[in-house]
Every structure is written in structure tokens, then in C-alpha cells.
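S.K.:
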Amino acid sequence: MSTDSSLYQRRRPALESELATIPWLAVLDPAQRERATLQILVTQAMPGDIICRTGRQATYWFGVVDGLLKMSSDNAEGQTMTYTGLPPGGWFGEGTVLKRESYRYNIQALRRSIVAGLPVDTFHWLLGQSIGFNRFVMNQLNERLGQFIAVREIDRMNSPDARVARSLAALFNPALFPGVGEVLRITQQELAYLVGLSRQRVNLSLNTLQARSLIRVEYGGLRVLDLTALRSSVFLSHRETHA
DNA sequence: TCATTAAATTGTT
DNA sequence: AACAATTTAATGA
């Protein structure tokens, strides 16, 4: 065992099983897909590892093959604001990569994760080559815009149940995170970090949502039963209940 | 494959 | 924050 393996980001080509989790590869021509496949690099991130930092020049378009990441940014007061979690199948940073700017947020691993990266130049090459790829990126930008608007609404909500419900709905978004499917692998502690509540409160909310048949709580994960209801469900805060 | 043990996660106060 | 209960993962016969 090497003594300093943790200090190095071991990057390697993607395995077939990992390539299979990348949604946009399917829209490419065989030739385009082969070139992209050769350029994709994969790395393993340990909990707390930072994938990209605010201000750093964007060099890769990143995607989550497995695990769970957190997207956050630091405001002027130096406080950290968490935007969203990034479960498997999610690709992010296209806006930044598109303009060849520097990253506008930090991406940090919440748990052991496998992260794939497509070099910026290859990203632009695909934009010039494939209509399907353009369509994918455009849809991605649009979906994410909707998600950011939802995040602002979530922040205004005072009901913890509603916050948990909406945050979960975002993570179950099949367009942005096709790798999630029916079951989201996330611990209640991780969800608490993302939503900004205590684990105890998240535990209560999850059981409330389960009682309403919106989700099912499982060990180490959550199963979605009614995504539409999760998205639109309105909850009264404790204060409003007794008003 | 099965039993044992450690570790992780959940439920509760 | 602490604790007990439950579930999973790892180990070795």
C-alpha cells in the first residue's frame, strides 16, 4: 500500500460499466462516441474531497457515475450556501464549460463517489459535431434553471416537511439524474446536510412523507412512490397549523 | 454457505 | 448530543 495514495487523484479511463451510466453517450454517433469515450477520465472521490472549486478555470465537464456530491457556493459574507445534491447520472458545469470560464461553485463529495470528466475541448468538439449532444446540453441547462428556481422557493418555505419533500423531488428528477431511478441511495445524515436541517428533524419528515405514501424509507436509501406529489405537496408549517 | 463480528444507519429521547 | 436497536458488510471456518 503506497503511503500517499490519498494525496493523488488517480485518473484512469472509464470502464464499460461506468460508460453505461453516462446518459449523453447514447445520443452520439459511433465515431463520436468512440472519441468521447477515449477522452473521458474517471476518478474516485472520498468524503470531503473537492471536485472543483470556485474560481478555478474549468477544465472538465463532470458527471456522477456513482455516489453523492454536493454543489455549494460561498457568498460575500463567507457563508456557504448549498444549492443541491448531485446523485448518479448527473452532469454539471456545462454553463461554465460552454463559456470557458471558471467554476462558479464548489463540488464536494459527501460519500465515496466515482466521478467522470470530459475535457472542455472534447465538449466543444461534440457541440460542433452532434445535434443530439446539443439537444442534451440545452435540455440540461433548462432543467437546471428550473431546479435553481425551485431552490429559491424551498429556501422561503418554513415547513421542514416541505423543504425535505422538495429537495427530494429535485434529487429524483429523472431528466437531470437518470442514474437514480426508483431508489435514491442517501443516508438521513447526508440529506440533513443538503437540506440544512438536523438529522432528527429529517428523520421525522421522512416518516411523515412515508405515512402519506409519497416515499418509502429504506436502510441507506429512499424509494420514491409518488414524484408528482412530492414536487407539489404543500405542507403547513407548525405556526400556520395553529394560527 | 453459514456464523460471528464490526461498522454503518436509523429511531428515539 | 447521546443511546439503543436494526441492517449491512466483512471475515473466516
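Sequential numbering from 7 applies to the first sequence in the working numbering. Just so it is clear, CB atoms sit at the ideal spot from N, CA and C, and this is done for glycine as well.
Could you check whether Val186 and Pro53 sit closer than 9 Å to each other, using their CB atoms as the reference points?
M.R.: The answer is no: Cβ separation not under 9 Å.
S.K.: In whole angstroms, what separates the C-alpha of Thr49 from that of Arg16?
M.R.: Their backbone Cα atoms lie some 6 Å apart in a straight line.
S.K.: Need the endpoints of the alpha helix (DSSP H) that Pro36 sits in, please.
M.R.: Looking at the DSSP string, the run of the alpha helix (DSSP H) that includes Pro36 is 36–45.
S.K.: Measuring CA to CA, which of Arg222, Thr214, Arg62, Gly123 is closest to Arg110?
M.R.: The option with the nearest alpha carbon to Arg110 is Arg62.
S.K.: Just list the residues that DSSP pairs Gln114 with in beta bridges.
M.R.: Ile56, Lys76.
S.K.: For Met87, does the three-state DSSP call read helix, strand or coil?
M.R.: Correct three-state label for Met87: strand.
S.K.: Output yes or no for whether 9 Å exceeds the beta carbon distance between Val126 and Thr65.
M.R.: Result yes, Cβ atoms of Val126 and Thr65 sit closer than 9 Å.
S.K.: Restricting to Cα atoms, I'd like to know which of Ala51, Pro19, Leu44 is closest to Arg118.
M.R.: If we check each option's Cα against that of Arg118, Ala51 comes out closest.
S.K.: Do the region 165–180 and the region 129–140 make contact, defined as three or more Cβ pairs closer than 8 Å?
M.R.: At 8 Å Cβ cutoff, the stretches do not touch.
S.K.: List the endpoints of the continuous beta strand (DSSP E) containing Ala32.
M.R.: No beta strand (DSSP E) holds Ala32; DSSP gives it neither H nor E.
S.K.: When the Cα of Leu47 is compared with those of Phe129, Gln195, Ser78, Arg207, which residue comes out closest?
M.R.: Considering only alpha carbons, the answer is Phe129.
S.K.: Run through the DSSP bridge pairs and tell me what Val189 is partnered with.
M.R.: Val189 pairs with Arg229.
S.K.: Taking Leu197 and Val189 to be in contact with their CB atoms under 8 Å, please state how far apart those CB atoms are, rounded to whole angstroms.
M.R.: Between Val189 and Leu197 the Cβ distance is about 14 Å, and since that is not below 8 Å, they are no contact.
S.K.: Taking the beta carbon of Ala176 as the centre, do at least 16 other beta carbons fall within 10 Å, making it buried, or is it exposed?
M.R.: It counts as buried.
S.K.: Give a yes or no on contact between the region 217–236 and the region 148–163, applying the rule of three or more CB pairs nearer than 8 Å.
M.R.: No, the region 217–236 does not touch the region 148–163.
S.K.: Restricting to Cα atoms, I'd like to know which of Ser211, Leu147, Ser136 is closest to Arg41.
M.R.: Comparing Cα-Cα distances from Arg41 to each of Ser211, Leu147, Ser136, the minimum goes to Ser136.
S.K.: Report the residue from Val230, Asn179, Ile120, Val170 whose alpha carbon sits nearest the alpha carbon of Leu75.
M.R.: Among Val230, Asn179, Ile120, Val170, the Cα nearest to that of Leu75 is on Ile120.
S.K.: Quick check: what's the CA-CA separation for Asn213 versus Gln114?
M.R.: Approximately 28 Å between the Cα atoms of the pair.
S.K.: Would Arg106 be called buried (16 or more neighbouring beta carbons within 10 Å of its own) or exposed?
M.R.: It is exposed - the Cβ of Arg106 has fewer than 16 other Cβ atoms within 10 Å.
S.K.: Helix, strand or coil: how does DSSP classify Ser239 here?
M.R.: In the structure shown, Ser239 sits in coil (DSSP, three-state: anything other than H, G, I, E or B).
S.K.: Within the same chain, show all residues whose beta-carbon is closer than 8 Å to that of Leu203, passing over the 5 residues directly before and after it, in chain order.
M.R.: Taken in chain order, the residues that qualify are Pro166, Arg169, Val170, Ser211.
S.K.: Is the beta carbon of Leu124 sitting closer than 9 Å to the one on Leu104?
M.R.: Contact flag unset, no.
S.K.: Using the C-alpha atoms, what's the distance from Asp80 back to Val33?
M.R.: Cα to Cα, Val33 sits roughly 35 Å from Asp80.
S.K.: Please say whether Ala20 and Val71 have beta carbons closer to each other than 9 Å?
M.R.: Going by C-beta atoms, Val71 is nearer than 9 Å to Ala20.
S.K.: Compare the C-alpha of Thr43 against each of Gln194, Phe183, Ala26, Glu83 and name the closest.
M.R.: The residue with the shortest Cα to Cα distance from Thr43 is Ala26.
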